[in-house]
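S.K.:
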Amino acid sequence: MGQDAEVGAIHKKDEAKLATMGYKQELRRNLGLLQNFGVSFSIVSVVTGVSSLFLFGLTAGGPAVMVWGWLIISFFTLLVGFSMAGRHICSAYPTSGGTYFWAAKLSSLQSAPFASWITGWFNLLGQVSITTGVAFACADFISTAATIGANYQPSSYKTIAIYAGIIITQGIINTFGVRFLKYLNNISVWWQIFGTLFLVTAVLATAPRPQSSEFVFGTFIDGTGVDGVGWSQRASPVYVAVIGLLMAQYTMTGFDASVHMTEETRNAAMTGPIGIVMSFAVSAVLGWFLILRLLFSIQDYQKTVSSPTGQPVAQIFLDTVGERGAIVLLVIVFGTMMFWCGTFAVTSNSRMIYAFCRDGAIPGSKFFHKVDSRFPVRTVWLSCALSFMLGLPSLGSQVAFNAATSITTIGLYISYGVPIALRVINADGFVRGPFHLGKLSYPVAITVVVWIGFISIVFCLPQVNPINAQTFNYAPVAVGVVLAYALVFWAVSARKWFTGPVNHVEGERTTCIHRLCEC
């Protein structure tokens, strides 16, 4: 009985905190620390990120950039995560709106609506594209597995069908299995940890000739040139190393999912920030371990990068554990992508869209922000539809897929950076939450803003030489389209009616008073 009373007190505290931010409790609040951490950990998913861009990493700098770049990215991601989790800002404002809500609260009264508007659209872009990237990679790996020991011939039409089936499956799980998501979440955590350990142990233990430490830690490779002339010759090896950071930075995205789940999490002001920090800390260690083991297990570099499967990771499996073993390991990989990373990406995405619609920012908001049985089912399917459409240009093109991963990284990190930058600018007006960095908050925030500005420029740069219609990095085009849409929509219409996060609690009180007066 005492435990029930304690849980009830925590629920009341969470609901009271949410009410101070202007929202009433509409979603079912039944997630604990493991589940909140699990959502972000499942979306970061080092197996998904590393496997998806392993070919890119091997050709854009090679093993040395993959290994040391991972450590560099982990350090700066650590700073970003701490900035978001602590005094900057999840601890003070634990709401599903996340970054766009924070941007409004950390701005001046006059600029709050515009800051919230821009941040929200960048976060939406990143959220949708991460779901796209995961589903695309999963479709590719399923196609690869189907070719092993069989006569299956992949085609763009077959891949589109698989891609559609994956997204529909993830939508169905988020619609009908939503009550079991907390249990699926628990399974996901252990699947990804033990699945990764099993995978890397299997390949390294059976590798006929493990690579040398010199190859893994010191080999720089420039395979960015279609005609053999890469960017290290046309520009500089530093250029290749910098764009090669994409594999690590793309993988280390999505930890803001802990924020978007805070309205369904108990003791959200502490649990949400801890979920953020735990997700990238565990992922950083597990990811480096995965990269090292895969690199040591490469038998022939040229055969690996030009594998007939189209996937270097699949070739490593074939060269070490054989066909049957490779199929088992590929099941672990695309199982992670489809049922854990992809499913929870849709979960997080739908919560962000739900919050944005709740504040009237998206066309059709009145329809989409409705909650069915205390779950945002309508935004689940809106998320799936947008993700499917965004992914169509990527099918059949590795360059286009790399661009999609750049879009994810840029969109999400800009949406992380705006509220952190506003925190620096408006330092005096900030209300501190229970989880904070103390005196380190300010220098960490400045470092984070500079880093996000740097990677946002870098991942818009050309990745393959020479530049033509087939090799063009369309990330800046996609980001530019979304930015232009948001700015034009704001100038023409939204500035007249979008006020930022809406105080639904106050509005409900006002409505009740009017009704009482009428009586």
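If you're matching positions, the sequence shown starts at 0 in numbering that gives the first Met the number 0 and goes up one per residue. Every residue gets a Cβ at the ideal spot worked out from N, C-alpha and C, and that includes glycine.
Starting from the Cα of Trp455, find the closest Cα among Leu411, Val443, Pro465, Thr446 and give me that residue.
M.R.: One detail in the question is off: residue 455 reads as Ser in this sequence, not Trp. Checked all of Leu411, Val443, Pro465, Thr446; the closest Cα to Ser455 is Leu411.
S.K.: State the Cα-Cα distance for the pair Ala403 and Pro153, rounded to the nearest angstrom.
M.R.: If I take the Cα positions, the gap works out to 21 angstroms.
S.K.: Please confirm whether Gln532 and Arg208 have their CB atoms less than 9 angstroms apart.
M.R.: This structure gives no information on residue 532, because the portion of the chain shown stretches from 0 to 518.
S.K.: Note the first and the last residue of the continuous alpha helix (DSSP H) segment covering Cys89.
M.R.: From DSSP, Cys89 is part of no alpha helix (DSSP H); its letter is neither H nor E.
S.K.: Could you tell me the alpha carbon to alpha carbon distance between Thr76 and Ala280, rounded to whole angstroms?
M.R.: If you take the alpha carbons of Thr76 and Ala280, they lie about 9 angstroms apart.
S.K.: Thinking C-beta only, is Gly243 closer than 9 angstroms to Phe453?
M.R.: Taking 9 angstroms as the Cβ cut-off, Phe453 and Gly243 do not qualify as a contacting pair.
S.K.: Could you tell me which residues DSSP puts in a beta bridge with Asp371?
M.R.: DSSP lists Phe374 as partners of Asp371.
S.K.: Might you give, ordered along the chain, the residues of its own chain that have their beta carbon closer than 6 angstroms to the beta carbon of Ser50, omitting 5 neighbours on each side?
M.R.: Result list for Ser50: Val312, Val332, in chain order.
S.K.: On the DSSP bridge assignment, give the partners of Ala149 in chain order.
M.R.: None; Ala149 has no bridge partner.
S.K.: In whole angstroms, give me the CA-to-CA distance for Val239 and Gly359.
M.R.: Taking the straight line from one Cα to the other gives about 43 angstroms.
S.K.: How many angstroms separate the CA atom of Trp120 from the CA atom of Phe488?
M.R.: If you take the alpha carbons of Trp120 and Phe488, they lie about 11 angstroms apart.
S.K.: Can you tell me which of Val241, Glu213, Ile352 puts its alpha carbon nearest to the alpha carbon of Leu294?
M.R.: Per the Cα distances, Glu213.
S.K.: What's the gap between the Cα of Leu124 and the Cα of Leu78?
M.R.: Their Cα atoms are separated by approximately 23 angstroms.
S.K.: Check for me: the alpha helix (DSSP H) holding Ser405 runs from which residue to which?
M.R.: Residues 397–424.
S.K.: Which residue wins for smallest C-alpha separation from Leu328, given the options Gly217, Ala354, Val199, Pro93?
M.R.: Of the candidates Gly217, Ala354, Val199, Pro93, the one whose C-alpha sits nearest the C-alpha of Leu328 is Val199.
S.K.: Would you kindly check if the distance between the Cβ of Ser282 and the Cβ of Ser90 is under 9 angstroms?
M.R.: Going by C-beta atoms, Ser90 is not nearer than 9 angstroms to Ser282.
S.K.: Are the segment 106–120 and the segment 460–469 in contact at 8 angstroms, needing three or more beta carbon pairs?
M.R.: Touching, no.
S.K.: I'd like to know whether the C-beta atoms of Val423 and Tyr441 end up nearer to each other than 9 angstroms.
M.R.: Cβ distance < 9 angstroms, so Val423 and Tyr441 count as in contact.
S.K.: Who are Ala59's beta bridge partners in DSSP?
M.R.: Answer by DSSP bridge pairing, in chain order: Asp221.
S.K.: Could you tell me which uninterrupted alpha helix (DSSP H) segments, each at least 4 residues in length, are contained entirely in the segment 310–397, listed from first to last along the chain?
M.R.: If we require 4 residues or more, the alpha helix (DSSP H) runs fully inside the segment 310–397 come out as 311–334, 342–357, 364–367, 376–390.
S.K.: Within the continuous alpha helix (DSSP H) that includes Met269, where are the two ends?
M.R.: From DSSP, the alpha helix (DSSP H) with Met269 extends over 267–295.
S.K.: Less than 9 angstroms between the C-beta atoms of Ala206 and Ser296, yes or no?
M.R.: It is a contact, given that the beta carbons lie within the stated cut-off.
S.K.: For the alpha helix (DSSP H) containing Ile466, name the first residue and the last one.
M.R.: No alpha helix (DSSP H) contains Ile466, which DSSP labels as neither H nor E.
S.K.: Contact criterion: CB-CB distance below 9 angstroms. Does Ala474 meet it with respect to chain C?
M.R.: Protein chain content of the structure displayed is limited to a single chain, and chain C is not contained in it.
S.K.: Determine the contact status of Ser306 and Val345, defining contact as a CB-CB distance below 9 angstroms.
M.R.: Not a contact, by the Cβ cut-off of 9 angstroms.
S.K.: Once the 5 residues before and after Ser278 are set aside, which same chain residues still bring their CB inside 6 angstroms of it?
M.R.: So the qualifying residues of the chain are Phe36, Ser39, Phe40, Val43, Phe254.
S.K.: Tell me which residues share the same chain as Trp101 and place their Cβ nearer than 6 angstroms to its Cβ, disregarding the 5 neighbours each side in the sequence.
M.R.: These residues qualify, in order along the chain: Ile88, Tyr92, Pro418.
S.K.: So which of Lys23, Ile166, Thr19, Lys369 has the shortest CA-CA distance to Lys104?
M.R.: Checked all of Lys23, Ile166, Thr19, Lys369; the closest Cα to Lys104 is Thr19.
S.K.: Rounded to the nearest angstrom, what separates Thr130 and Ala201 at their Cα positions?
M.R.: For Thr130 and Ala201, the distance between alpha carbons rounds to 29 angstroms.
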